[in-house]
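Notes follow the structure.
Take a look at the structure:
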């Protein structure tokens, strides 16, 4: 009887400890989600625009990548093209993932913009924009731009602007139309986690882009805007 009681007590103590740890982790996760969201939303207030006509003019617009052909991609391209044609940017830097030979976001963005009437000479490609942080930081460290207009959906612009601020970049955002709640639920949930990751990367890990490489001066030599990929 006594050994059975001892085993029961040990199990009970273990269960209580496990519940305590689980509760602590749950609370910590909630605090991290709340804090990162508050930090990013607060930092980007009054720095994004929905109306292209009221956007301050800047030299370079940074178009953040998305899967070619999906609705986020199409709406970012439409907004970037409209921004260019309105004279709000002189150059468009398209930045996205080109990690696989068969997957090339920047080239897809370039072709889509050309189809919208943007001159090829006005487009520069960043083939190493593997994350939002990479795209934003490379805009400064590789392309020499410390004052940019970011083009993406509002939720993405908020995070990108906050990241830009952490790396000494003066950024504003133009909001491409978002998807409705029914179709964008997964993306919005993923964004909550991405904000925690962004704060961790910038504030604690001080992460840098995966690749840097030789510098490119936007506008100096349009022939080097989007070199062909082999």
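In UniProt numbering, the protein residues as written are 1 to 230.
Every residue gets a Cβ at the ideal spot worked out from N, C-alpha and C, and that includes glycine.
Given the structure is predicted, the values throughout are model-derived calculations rather than measurements.
Taking 8 Å as the cut-off, the Cβ atoms of residue 153 and residue 139 do not count as close.
Cα atoms of residue 33 and residue 203: separation of roughly 15 Å, rounded to the nearest angstrom.
According to the DSSP assignment, residue 115 belongs to the alpha helix (DSSP H) that extends over 105-115. Distances from the alpha-carbon of residue 83 to those of 156, 185, 122, 46 put 122 closest. For residue 137, the enclosing alpha helix (DSSP H) begins and ends at 132-141. Within the model, the alpha-carbon separation for residue 178 versus residue 156 is close to 10 Å. Between residue 143 and residue 218 the beta-carbon gap is near 5 Å, inside 8 Å, which marks them as a contact. Residue 62 sits close to residue 93, with the two beta carbons spaced by under 8 Å. Taking every protein chain shown into account, the CB of residue 212 has fewer than 16 other CB atoms within 10 angstroms, so this residue is exposed.
Under DSSP, the beta-bridge partners assigned to residue 153 are 176. Counting along the chain, residue 123 sits inside the beta strand (DSSP E) bounded by residues 123-126.
In the DSSP assignment, residue 83 falls within the alpha helix (DSSP H) that extends over 71-85. Shown here, residue 148 sits in a strand according to DSSP, grouped into three states. Counting along the chain, residue 44 sits inside no beta strand (DSSP E), nor does DSSP assign it H or E at all. The beta carbon of residue 87 sits closer than 8 Å to those of 57, all from its chain and outside the five residues before and after it, given in chain order.
By the neighbour-count definition (other C-beta atoms within 10 Å, threshold 16), residue 66 is a buried residue.
Within the same chain, 123, 124 come within 6 Å of residue 225 by CB-CB distance, once the 5 residues on both sides are set aside. Note on geometry: alpha-carbon atoms of residue 110 and residue 199 lie some 30 Å from one another. Closest by C-alpha distance to residue 165, out of 220, 45, 35, is 45. According to DSSP, residue pairing for residue 61 in a beta bridge involves 92, 149.
When DSSP reads this structure, residue 100 sits in a beta bridge with 103. Under the 10 Å beta carbon count, residue 53 is surrounded by fewer than 16 other beta carbons and is classified as exposed.
If you draw a straight line from the Cα of residue 172 to the Cα of residue 145, it is about 13 Å long. Of the other Cβ atoms in all chains shown, 16 or more fall within 10 Å of the Cβ of residue 64; this residue is therefore buried.
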